[in-house]
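Counting from 3, one number per residue, gives the positions in the sequence shown under the working numbering. Beta carbons: idealized from backbone N, C-alpha and C, even for Gly.
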Amino acid sequence: MLGPVAGPPGTGPSGTHGEPPHGGRPRSSGRSPGGGTKRMTTLVAGVVGVLVVVAGTFFLLNDGGDKKDEGTKPSPSPTVSSEPKLPPGVKCGGDACTGKDPEVMGCGGDLVTTGATAVVGTASVEVRYSKVCGAAWARVTQAAQGDEIRVNAGGANEQRATVGNAGDTVAYTAMVAVDSAADATACATLASGTQGCTK
């Protein structure tokens, strides 16, 4: 008895031309089904993760920078105040008026009031005060040549003036910075030697 007849090489039960049997299934490329979709999902997830990290870093750094700037801002000092805006024609305020002529600096006229007054001999002495300028000065009226007037605010920055010409009856001092007319004292020393003050 003869056994099975072998076909030409590469044929037979293992498949034609030496190929492995297919078993009725289509050939596989070696990739698992859906592999491209999984790779795309992984790539997208990676990109989203990187963007989240970058955005989080940006917001943390930006927020921290704002807080840092807030912490370094100097706090306003309660003792420092800005200079008030002066009305037209007024050229000084407060300490800047000390030692200056009230008429020249625009502190006289309608801006002035009379504080304390006193009579010294035949002369009248008064404290003149300008709230706008924050300053006071002394004025003497019914004075005579050689009469002296002075103003001070608690002994600080005393200012003096003398009636210089015969026939003049009025003189006034330069200003001293004060908060109110009550802070200033006006005094006169007459040529006769008589003295007196407003307080």
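Asked, Found
"Kindly indicate the opening and closing residues of the beta strand (DSSP E) around Ser126.", "125 to 132"
"Rank Ala118, Thr196, Val121 by C-alpha distance to the C-alpha of Gly148 and give the top, closest one.", "Thr196"
"Are the beta-carbon atoms belonging to Ala168 and Gly136 less than 8 Å from one another?", "no"
"Quick check: what's the CA-CA separation for Ile151 versus Asp181?", "21 Å"
"With respect to the beta strand (DSSP E) encompassing Asn154, which residues constitute its N-terminal and C-terminal limits?", "150 to 155"
"CB Ala125 to CB Thr200, shorter than 8 Å?", "no"
"Would a C-beta distance cut-off of 8 Å place Val142 and Ala173 closer than the cut-off?", "yes"
"So which of Cys189, Ala193, Asp185, Ala146 has the shortest CA-CA distance to Gly96?", "Asp185"
"Measuring alpha carbon to alpha carbon, tell me which of Ala190, Trp139, Arg130 ends up nearest Ala146.", "Ala190"
"In the DSSP assignment, what residue or residues form a beta bridge with Thr143?", "Ser126"
"Do you know offhand how far Met107's Cα is from Arg162's?", "17 Å"
"Does the beta-carbon distance from Val153 to Ala188 come in below 8 Å?", "yes"
"Could you compute how far the alpha carbon of Thr164 sits from the alpha carbon of Thr115?", "22 Å"
"At which residues does the beta strand (DSSP E) containing Ala188 begin and terminate?", "187 to 191"
"Provide the residue(s) that pair with Cys99 in DSSP beta bridges, ordered along the chain.", "BP columns for Cys99 are empty, so no partner."
"Where does the unbroken beta strand (DSSP E) through Gly195 begin, and where does it stop?", "Careful: Gly195 lies outside any beta strand (DSSP E) and carries neither H nor E."
"Cβ atoms of Val134 and Leu113: under 8 Å apart, would you say?", "yes"
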